[in-house]
Each structure stands twice: as structure tokens, then as C-alpha cells.
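A short worksheet on the structure shown next.
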Amino acid sequence: MTATAGKLRFGIVVFPGSNCEADTWHAIHDEMDAPVEYVWHEETNLDGYDCVILPGGFSYGDYLRTGAVARFSPVMGAVQEFAAKGGLVLGICNGFQILLEAGLLPGAMLRNAGQKFVCRYLHVRVETTDTPFTREMTKGAVLRIPIAHGEGNYYADPDMLAEMKEHDQIVFRYCTAEGESTPEANPNGSLDNIAGVCNRDRNVLGMMPHPERCTDPILGSADGRLVWESLLEVSRGDS
Amino acid sequence: MRMAIEPRMWRELGLSDEEYQRIVEAIGRDPTPTELAMFSVEWSEHCGYPRSRPLLALLPKEGKYTSPVEGGDAGGIEAAPGLTVLFKMESHNHPSQVEPFQGAATGVGGIIRDIFTMGARPIAVLDPLRFGELDQPMARYLFNGVVKGIAFYGNCLGIPTVGGELQFDDAYRGNCLVNVMALGVVRTDKIVSGRGTGVGNPVIIVGNSTGRDGIGGASILASHELAEDDEKRPTVQIGDPFTEKCLIEACLEALETGAIVAMKDMGAAGITCTTCEMSAAGGCGMDVELQKVPRREPGMEPWEILMSESQERMLLVAQKGKEDEVLGIFRKWGLNAVVIGQLTGDGLLRVRDNGEVVAEVEAKKLAEPPVYHLPAEEPAYYRACQAWDPSGLPTPKDMTAVLRDLLSSPNLASPEWVYRQYDHMVQTNTVVLPGGDAAVLRLKGYRQGIGVTADGNGRYCYLDPYLGTQLVLAEACRNLVCVGADPAGVTDCLNFGNPEKPDRFWQFKRSVEGLADACRFFELPVVSGNVSFYNEAADGAIYPTPVLGVVGVLEDVRRHCTAGFKRSGDVILLLGKTRDDLGGTEYLKHVHGLVTGRPPALDLDLERRVQRTCLEAVRAGLCASAHDCSSGGLAVALAECCMWGDTGARVTLPAGETEVRLDARLFGESPSRILISAAPDNAEKIREIAGRHGAPLELLGAVGGDSLTVLADGEPVIAAPVAELKKLWRSAIPRLMEG
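Order-wise, the sequence lines are chains A and B. Following this note's numbering, the numbering of the first sequence begins with 6 at its first residue and continues without gaps. Following this note's numbering, the numbering of the second sequence begins with 104 at its first residue and continues without gaps.
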């Protein structure tokens with residue numbers, strides 16, 4: 006088997022208004038040397054991909070509520086089926102918002118508590134390594150990673166949150182550089198400092214921070230590589 | 104049907120009686136109402152530059168780097184083999200004063216189109232902003248609205264906003280300045296022109312529908328002073344960044360087909376401007392049918408369709424027979440794309456409304472307005488300010504208090520409140536993030552990178568427009584060498600008052616002369632630019648404010664440098680010399696309430712020596728940090744290096760400057776100075792480089808501890824914990840904006 010044949014095949018969905026698809030493509034293709042293709046939002050067949058990524062951006066302009074229009078896009082029916090069959094789905098930023106709107110992940114996203122768009126480097130703590138997206142990480146490890154969003158204030162009702170905790174679905178929490186989840190380390194008012202969650206089957210992950218923006222150390226951090234390395238390890242492990 | 108033209112009609116369109124007569128002379132008859140409307144926009148200062156063109160001809164077009172574009176919507180320099188960086192800066196001052204959110208948003212949209220219309224992928228935006236003092240509610244309203252508008256538009260497009268400038272001064276109270284610079288990259292052999300060529304080739308309008316928004320934006324709003332009672336809101340356009348994002352992708356995809364002959368952005372003066380300028384540039388004519396233009400509302404008159412400044416529209420010329428391929432790409436992106444006419448060989452721009460010809464004029468006549476040579480006269484204040492003598496100025500007792508005061512003034516405080524609201528990392532090229540001397544961007548697939556900065560100083564230019572403009576250029580270039588970039592090309596956004604007033608025109612003339620001379624000295628081409636006149640409100644003109652965007656090249660993007668101190672024990676060096684320069688400084692204004700004096704003297708030769716030393720030292724990897732000393736002087740620059748690096752420093756002012764007053768040693772703004780920190784082992788090598796270039800170099804002290812301590816003649820004159828200074832500096836703007 007060649008090296009490439011063992012690698013995960015990535016598909017990056019492009020909605021009109023997506024704007025991180027090329028960054029994600031660059032990180033996977035050029036930095037991780039893994040096979041990746043764009044998937045136009047009108048596509049209804051996701052056969053041939055192992056991991057489908059919904060990238061960051063402003064799908065359809067997001068003039069209404071983030072992700073509210075994109076969830077009705079033709080490709081989303083295929084994403085639902087793909088996930089139901091156990092395919093890996095990663096939503097980054099706007100992609101996370103779309104997964105929430107589509108009901109693939111629990112909870113909802115509100116405007117940032119400060120009512121402003123926030124772009125900055127910050128820290129998140131790895132809460133579980135029991136996902137295909139985080140298995141190369143260490144539980145409790147602190148990643149330095151950027152965010153850039155206006156609606157990242159995650160919310161779930163108390164019952165839902167309790168259920169998510171019970172099933173270990175909280176994947177990342179905003180924290181200080183020392184790894185403490187304090188109110189000061191929370192950039193957007195997110196419930197319980199939540200920065201990323203997965204579904205109960207653990208094959209769908211939504212995260213507000215951008216791993217593709219920190220895959221090359223010249224950009225200030227390479228901690229985002231751990232997401233890609235985890236996914237690529239899945240491929241080697243399963244094949 | 105031919106309507107008689109009455110004086111009321113041209114005056115309402117912003118034309119003088121004399122200008123009307125020139126139109127009649129140019130076409131040899133009375134214009135039709137539609138033609139009159141077209142001339143009014145195309146001959147306005149905003150589009151045709153009739154008042155500024157003679158002086159702009161002084162600016163050099165060539166420098167040490169190749170600048171491959173002549174006469175495009177933007178210009179550029181070749182930053183890597185075969186790769187051109189295109190850039191341009193523009194103003195959206197009056198629209199932003201009238202409606203800050205949409206004014207600023209559409210300013211971003213417009214300048215971005217100037218970039219991708221030439222086939223370049225937009226890679227960055229910078230926003231130099233000027234408002235009245237922030238204790239005024241109106242200034243806060245405008246500032247907040249403008250920042251939100253830029254964030255709304257730029258973030259949605261996925262183009263990082265990587266830099267800018269903030270200045271607050273009463274001079275901008277009634278007329279804020281919102282300048283936007285955009286950059287893009289394109290393979291040099293793929294640059295697209297705006298020249299319509301090939302008789303019979305189809306003319307296609309793409310993007311948004313045409314509505315009644317922005318009618319008269321160029322001729323009325325941009326080419327006249329603002330008055331208190333004006334109802335100019337309908338002349339401001341409304342931005343739709345989602346459509347623009349799709350338009351960028353569709354245009355770049357359509358260019359890949361090779362079927363596009365020419366492309367032009369519809370900015371000021373909309374369809375009038377694109378049709379006549381494309382025809383004139385290509386030496387052909389054009390025949391278009393207005394009823395084919397997708398419209399947002401029924402019943403629009405021909406002149407309204409022609410003058411509308413509805414955003415997110417482009418005009419294309421495609422190869423005959425390949426139009427369907429082009430139209431299909433735009434439809435895929437959900438955009439309008441309609442053939443509205445074709446190129447002709449007669450040089451005439453013929454506009455039809457349901458087949459009836461409503462305008463027929465020679466495109467060149469429309470596109471090439473007459474030139475006005477305006478009188479210039481030295482303003483009354485100039486001599487008095489030049490004669491100001493600082494010897495009567497009291498020297499403050501507590502210099503630490505002065506430093507605290509300066510760091511918490513909005514002009515020197517951290518601009519973090521602004522750039523946090525902008526996505527400055529998307530596209531994953533931003534190697535040096537906002538807040539330092541200049542942004543650094545990598546060029547994916549190339550070893551080279553670029554540095555970019557935008558600078559202005561209205562106070563200097565008010566006190567001496569010739570010298571002030573040169574100081575601005577020198578500072579911008581110094582910012583670039585601090586990050587390791589070799590200055591390569593300039594774009595200018597020239598914000599001035601009413602040029603019909605001779606004292607204002609004198610400011611413009613002296614400023615352009617200063618820029619031209621300094622650009623020649625530094626071998627820098629002015630590759631693009633924009634003139635914004637009539638920046639006057641009821642209480643007078645703004646400071647003359649040329650804002651310069653300068654792009655530099657990093658030979659190896661990994662060899663860049665940032666401004667914050669890095670390691671305890673590093674030595675701190677000062678390149679350059681401090682003189683008695685208090686005129687026009689931030690210190691003089693903020694602490695003493697004075698705007699007067701001569702701006703700091705500039706020795707171009709010394710400036711070049713200092714810059715060459717810094718660039719060579721950074722490129723050799725010898726510097727741990729490099730930071731330009733400018734606004735607020737050496738003391739503020741030292742504090743910034745400490746705050747960025749979260750570390751203290753202990754320095755002693757050079758002994759050789761005892762002739763200089765203490766406040767000038769600390770807060771004076773002598774140009775040609777750069778603060779460098781370096782590992783002790785590297786200091787000797789830097790000294791050798793400075794010696795070779797003939798640049799003065801002084802050892803000031805060392806990085807370390809938690810406090811900034813400055814000694815002069817053996818006595819501590821400044822001592823403060825860095826954490827405390829940083830808190831003041833970071834909280835100053837949020838405190839004013841959010842209470």
C-alpha cells in the first residue's frame with residue numbers, strides 16, 4: 006500500500022460565501038500532504054470521501070442567522086446521510102454553526118456576549134481524546150489556536166448539557182495559557198467555556214477555533230496540526 | 104424627443120456654468136439631458152481629476168522594483184519572480200461622514216473591486232481612519248459605525264484587515280477620513296486590462312442589479328464640501344458583501360477560461376464610467392442598450408441607470424462566441440450576467456433606451472476632461488507657525504506622568520479594540536499580526552513575502568505640507584525596514600480641502616511636490632492613488648492629510664522581525680540621533696495644547712543610512728526586535744517595545760545630546776531613529792553594519808525586569824511598572840467607547 010492510499014480522503018464543502026475553504030485545503034494538501042477535494046454545495050453524493058469538512062466563512066452571507074440558510078443547501082442532505090453511515094464530519098466556525106442548525110450536533114449559537122466580532126489567538130483545553138479528531142492529543146493539553154467569529158456564544162439547555170457531559174461530548178473548552186477555564190479566558194460568553202462539541206457517535210465534531218490557521222509555525226502556532234494528525238492516524242489505524 | 108437644457112439642470116448636477124460651456128465646446132452642440140448627466144460625473148474631480156492631474160504628473164512611475172502596470176485601476180510591483188502585488192488606496196470620507204456603517208463598508212467593497220478587476224486575488228486590506236476627538240459623541244458614533252462597517256464587509260469577504268492607522272483630532276470633527284487600501288496578487292503575465300478591444304466583442308454587465316442608490320455619489324457628494332444641513336444620505340451606496348464575495352470568485356473563475364478581453368469595476372459614476380473609459384482606453388466605441396441592464400426597481404430614467412453607483416457590479420468584454428461560457432460561470436455563482444451591447448469601431452459611446460439613442464458622444468471626449476490650473480497661495484498661518492520658538496515652553500517636572508498621559512491618549516493608545524473586530528488572519532498569510540510597525544504577509548509558494556504599512560500625519564502636513572509629506576514617506580519606509588521589508592512601491596490617498604480655495608490648493612501642491620521629490624530620492628514609484636478634495640465642513644478644512652500606503656519586499660519571509668522586546672539580557676540600541684524636535688509633535692499637542700512649530704527636520708541621506716542598516720541587520724537575523732521611533736518619541740517607543748514583549752528595560756539617554764531639552768529627548772519626534780534589541784553577541788555585528796552605512800548607533804541599555812526605567816545624565820527621569828503602563832495603554836480606547 007502506498008502512503009497516500011492509506012490516507013484519509015478529505016472533501017471540503019464550498020457554499021457560496023464560504024471563505025476558509027482554500028486555507029483548509031492548503032493546510033491538508035500542502036502542509037499535511039493528504040488528498041483533498043472541494044465539494045460544491047449542490048453536490049448530493051459524498052461517496053469516496055472519508056472526512057467531510059464544513060469550512061469557516063459566511064455561507065450565503067449569513068445575513069439572517071449564521072448557518073440558517075446553508076442547512077437547506079442540497080449538499081446537507083448528503084452530509085446527514087454520510088454522518089449517519091459513520092462518515093467523519095468536521096465543522097469549523099461557520100461549519101460548526103451549520104451543523105448546529107442542521108441538528109447534527111446538540112445546542113445553538115448566540116451572538117458573542119460582547120456583541121462584537123472577535124479575532125485573536127487564544128487557548129483551548131483538550132477535554133477528551135476519545136474522538137477521531139483528538140486521539141493524537143493529550144487530555145488536559147492546552148492548544149494555542151485562533152478564533153474569528155461574531156456568533157460563537159454556545160448554548161445548550163441544562164438537561165442537554167448534563168447529557169453531553171455524561172456522554173463526554175465536550176471536546177474543547179476555552180482556557181488560560183495555564184489551562185484553567187476562567188470567565189476571563191472565555192472570548193464570547195459561551196456556556197461552560199465550550200469551544201467544541203461532538204455528537205454521541207463521536208464522528209461529528211464542531212469547533213469554533215480554526216485549526217487550519219495554525220498548521221504552519223510561521224503563523225504563530227502549529228497546534229492545529231494535531232487535529233489533522235489525529236484524523237490521519239485514524240486512517241492508518243483503520244486500514 | 105429633445106429637451107432643452109436649462110442652467111438649473113447642470114447646476115443641480117454639480118457643474119459650473121464654465122464647465123457647461125466646455126462640454127458644449129467639446130461635442131460641438133448642446134448635450135442631451137442624458138449626456139449632460141454623463142459629463143457631470145465623468146468630468147467631476149472624483150472621476151476625471153481635472154484639478155489635480157497636472158501636479159500628479161510629477162510623481163515618479165518607476166523605481167528599483169519592476170512596476171508592470173500602466174494606467175490600470177490599481178498598480179503594483181513585482182515582489183517575486185513572475186508574481187505581482189497590486190495595491191491601491193482610496194478614500195470614502197464623505198459617505199462615511201453621512202452614513203458611517205455603509206460608507207465604510209462600501210469603501211472596502213470598492214477598493215477590493217479595483218484589485219480583482221485586474222485579475223488579482225485580493226489578499227489584504229488596511230484602514231487608516233481619522234475622526235474628531237473621542238470625547239465628542241459624534242466622533243464616537245462615527246468611529247464605531249466605521250469600524251463595524253469595515254468588519255461587516257471585510258470579514259464576510261474573507262480578506263484579512265491587517266493594518267491601518269487611528270488619529271483623533273478636532274480637524275476631522277466635521278469631515279472624518281476613511282481611507283482603505285487593498286492588495287492583491289496576480290501572475291504578472293495574467294494581469295487583466297480595462298481596455299476594450301475587438302470590434303463586435305460582447306459587452307457584459309455582471310453582479311448586482313442597478314438601483315437608485317448612490318446617484319450623484321461622485322459628482323455631488325465627493326466633489327463638494329459638506330454642509331451642516333445637507334440631506335445627502337440617498338447618495339450613499341448600500342453594501343452587499345455576500346454578492347461581492349461571489350463576484351470575486353466568479354470573475355477569477357471566468358478569467359481562467361481565457362475568454363475575457365477586458366474587465367472594469369463599476370465604482371464612482373457606474374455604467375457611465377466603465378463604458379466610456381473602457382472604450383477610450385481601447386480606442387474603440389461601444390453600443391449599449393439600457394433596457395437590458397438588470398434593474399432593482401421599475402421606472403428608472405436612462406440617466407439614473409447610467410449614474411447609479413449600486414455596488415458589486417462589473418463590466419466585461421468577452422471574446423465573441425465565448426459569451427455563453429462566461430455567462431454560465433456567473434450564473435453558477437447566482438449572479439446576474441447579461442450582454443448589454445458590443446464594441447464598435449467608430450469611437451462613439453452610444454447609449455440606447457429601448458432602441459432610441461439617448462446619448463452619443465465620443466468616448467475619448469467624455470473620458471478625458473479638461474485640465475484646470477488652479478491658483479495656489481501660501482496660507483496666513485504658515486509663517487507664524489514656522490516662526491514659533493519653543494524656548495518659552497515649560498518643561499514638565501514629572502516625565503513618568505507625561506508618559507502615562509500620552510499612552511492613555513487615543514492617538515497613542517493600543518488600537519486593539521479596532522483590529523480585534525477585523526478578521527486579520529483569514530487566508531493564512533499574516534505572519535506579523537496587526538499592532539506593530541507593519542504587517543508581514545507570506546506569498547504561498549514563494550520564499551519572498553511582503554511588508555505593508557499605511558501612514559499619515561495631518562499635523563505635520565498642516566505645518567509644512569512639503570516636509571510633512573516627506574516625513575510620512577520616511578516613516579512608512581522605516582516601518583517596513585523594521586519588519587525586514589525593502590520599500591518597493593507607494594500608493595497615495597491625498598485628502599485635502601477645497602482646491603478652489605488658493606490656500607488649500609497650495610497645501611496640495613506643496614504636498615505632492617514633497618512626495619515626488621522624496622519618492623525619487625528613495626527610488627520608489629507611486630503605482631496608484633486617489634485624490635479626495637473638498638474635505639471641508641462648516642467649521643473649515645481638515646488638516647491636509649496625504650496618507651501613504653507602502654509595500655516592501657522580504658527576500659525571505661522567514662527572516663522577519665517584530666517590535667516587542669524578546670529576551671531579558673538583550674541589549675537595546677538606538678539607530679539615528681535625537682535632536683530638539685518638538686514642533687508638530689503629539690506631546691506638544693496633547694500636553695501643551697499647541698499645534699505649531701516646524702515639523703521635525705528630515706535629512707533624507709541620514710534616513711537612508713539608518714534604513715539600510717536596519718534592513719541589513721534584520722535580514723542577517725541579528726535583531727531580536729526593531730521598532731521605529733515616531734509619534735510620542737523615544738519614551739513612547741521604548742514603552743511600546745516593553746508592553747509588546749511583557750518585559751521591562753533599563754536605558755540611559757545618550758550623553759551626547761545635552762544640548763537637547765529633556766522633553767525633546769524623551770518625547771520629541773526626530774525622524775530617522777529605530778530602536779533595536781539584540782543578543783549581546785550580535786551588538787558588535789550591528790555596530791559594524793551601522794559603521795559601514797555611516798549611521799549613528801548608541802547603546803542605550805538592556806531588556807529585563809518588570810519596569811521601564813529611563814535615566815538621563817545619571818538621574819532616573821522615567822520609572823514605571825510595565826504592567827501598569829500596559830493597562831493604561833490597552834484600556835484607553837475601550838474605556839472611551841464602552842464606558
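Heads up, the beta-carbon is just placed ideally off N, CA and C, and yes, glycines get one too.
Item, Value
"Exposure of H476 (chain B), with buried meaning 16 or more beta-carbon neighbours within 10 Å", "exposed"
"Close beta carbons around W747 (chain B), own chain, < 6 Å, minus the five adjacent residues each side", "A666 and G667"
"The stretch 725-737 of chain B / the stretch 595-608 of chain B touching (three or more Cβ pairs under 8 Å)", "no"
"G72 (chain A) and G22 (chain A) closer than 8 Å at C-beta", "no"
"Proximal residues of chain E, C-beta to C-beta of N258 (chain B) below 7 Å", "No chain E appears in the structure shown, which is made up of the protein chains A and B."
"Within-8 Å CB hit, K348 (chain B) to chain A", "yes"
"Any C-beta of chain B under 8 Å from that of A153 (chain A)", "yes"
"Paired residues, beta bridge with L446 (chain B) - DSSP", "B:M389"
"Which of helix, strand or coil DSSP assigns to A782 (chain B)", "coil"
"Amino acids of chain A, ordered along the chain, whose beta-carbon sits closer than 8 Å to that of Y525 (chain B)", "F122 and C124"
"Assigned exposure category for M417 (chain B) - 16 Cβ within 10 Å defines buried", "buried"
"Per DSSP, cross-strand counterpart(s) of L355 (chain B)", "Per DSSP, none; premise fails for L355 (chain B)."
"Expected contact under 8 Å - CB spacing of P198 (chain B) and V339 (chain B) to nearest Å", "5 Å"
"Within chain B, the residues that F63 (chain A) reaches when beta carbons sit closer than 9 Å", "N258, C259, L260, G261, P344, F345 and K348"
"Contact between the stretch 738-756 of chain B and the stretch 632-643 of chain B (3+ Cβ pairs under 8 Å)", "no"
"Supposed close pair M381 (chain B), G297 (chain B) - CB separation, criterion 8 Å", "6 Å"
"Proximity test, Cβ basis, 8 Å: Y160 (chain A) and chain B", "no"
"Any alpha helix (DSSP H) of 4 or more consecutive residues that is wholly inside the stretch 493-552 of chain B", "502-510 and 519-522"
"Residues bridged to E459 (chain B) [DSSP beta-bridge criterion]", "B:D456"
"Beta carbon proximity, N50 (chain A) to chain B, threshold 8 Å", "no"
"CB contact flag (G587 (chain B), R722 (chain B), <8 Å)", "yes"
"Neighbour list for E217 (chain A) in chain B, Cβ cutoff strictly below 7 Å", "T531"
"Cβ of G437 (chain B) within 8 Å of any chain A Cβ", "yes"
"Unbroken beta strand (DSSP E) run spanning C596 (chain B), endpoints", "D589 to N598"
"Which residues DSSP lists as bridging F177 (chain A), in chain order", "A:V131 and A:G201"
"Interface flag, D249 (chain A) vs chain B, CB-CB below 8 Å", "Outside the displayed range of chain A (6 to 244) lies residue 249 (chain A), so it cannot be described from this structure."
"Spatial neighbours of S614 (chain B) in its chain, beta-carbon cut-off 8 Å, leaving aside the 5 residues before and after", "C564, P568, Y569, G571, T572, L597, F599, P647 and P649"
"Closer than 7 Å at the beta carbon, the chain A residues around M528 (chain B)", "C124, P151, A153 and R218"
"Cα-Cα separation between G538 (chain B) and L358 (chain B), rounded to whole angstroms", "36 Å"
"Sequence-distant residues of the same chain with beta carbon closer than 6 Å to A146 (chain A), five excluded per side", "V131"
"Proximal chain B residues relative to H31 (chain A), where beta-carbon distance stays under 8 Å", "T531 and K547"
"Integer Cβ distance of V521 (chain B) from V534 (chain B), believed to fall under 8 Å", "Not really, about 20 Å apart at Cβ, beyond 8 Å."
"Euclidean distance between Cα positions of D784 (chain B) and A729 (chain B)", "17 Å"
"Cα-Cα separation, A10 (chain A) to L438 (chain B)", "With a pLDDT of 47 at A10 (chain A), under the threshold of 50, the predicted position of this residue should be treated as unreliable, though the coordinate-derived value follows. Near 39 Å, if we compare the C-alpha coordinates of L438 (chain B) and A10 (chain A)."
"Inter-stretch contact at 8 Å, needing at least 3 Cβ pairs: the stretch 368-378 of chain B / the stretch 228-248 of chain B", "no"
"Whether A274 (chain B) touches I363 (chain B) by CB criterion (8 Å)", "no"
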